[in-house]
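**Q** In my numbering, the protein residues as written are 2 to 166.
Note that CB positions come from ideal geometry on N, CA and C, so glycine has one too.
Remember, it's a predicted structure, so these values are computed and weren't measured experimentally.
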């Protein structure tokens with residue numbers, strides 16, 4: 002004898018009454034038949050129940066709706082306040098970090114200008130040192146030249162000649 006949808010429904014109800022799950026294996030143990038047939042009817046029955054549960058959903062009266070709405074508003078307000086406080090704390094921390102970075106940036110700008118000034122001074126000192134070296138080299142070369150000491154003395158000691166004749 003073929004298994005009907007009613008047979009599968011009765012097996013499901015019997016299993017649920019005994020606190021057992023309406024699996025294909027449990028239904029097959031009660032009604033027999035093929036796994037494909039039991040699976041087909043079981044799926045149809047469970048889908049019908051699901052659809053009916055949506056149709057028979059709980060409808061709240063106005064007072065219950067107000068109470069649920071009030072609770073939801075409180076939860077939402079509390080959560081928003083918590084998030085707002087967290088975001089404000091992040092903003093304050095970011096502002097502090099930004100101020101610290103601005104201070105450091107000012108220090109960097111000052112130090113950069115100081116380095117540039119010192120580099121200019123260093124270049125000027127190097128130029129001065131090079132000029133002094135050139136002067137020293139010229140002086141040394143003049144000192145190193147042989148000097149005509151006798152000729153210089155004889156010219157000093159010579160009397161000027163009178164060319165008045």
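The alpha helix (DSSP H) with residue 33 in it runs from where to where?
**A** Unbroken run through residue 33: none, as it is neither H nor E.
**Q** Going by beta carbon distance, what residues of the same chain come within less than 8 Å of residue 25, once the five residues before and after it are set aside?
**A** Once the five neighbours on either side are set aside, the close Cβ partners of residue 25 are 36, 39, 40 and 43.
**Q** Where do the N-terminal and C-terminal ends of the alpha helix (DSSP H) with residue 104 fall, by residue?
**A** 63-145
**Q** Between residue 4 and residue 33, what straight-line distance do the alpha-carbon atoms span, to the nearest angstrom?
**A** 7 Å
**Q** Cα separation between residue 28 and residue 75?
**A** 48 Å
**Q** By the three-class DSSP mapping on this structure, what secondary structure does residue 11 have?
**A** helix
**Q** Should residue 147 go down as buried or exposed, given a rule of 16 or more other Cβ atoms within 10 Å for buried?
**A** exposed
**Q** Can you find the residues in the same chain that come closer than 7 Å, C-beta to C-beta, to residue 69, ignoring five residues on each side of it along the sequence?
**A** 61
**Q** May I ask you to report which of helix, strand or coil DSSP gives residue 48?
**A** helix
**Q** Using the rule of at least 16 other Cβ atoms within 10 Å of the residue's Cβ for burial, across every protein chain shown, is residue 92 buried or exposed?
**A** exposed
**Q** In chain order, what residues of the same chain lie with their CB nearer than 7 Å to the CB of residue 31, ignoring the 5 residues before and after it?
**A** 12 and 15
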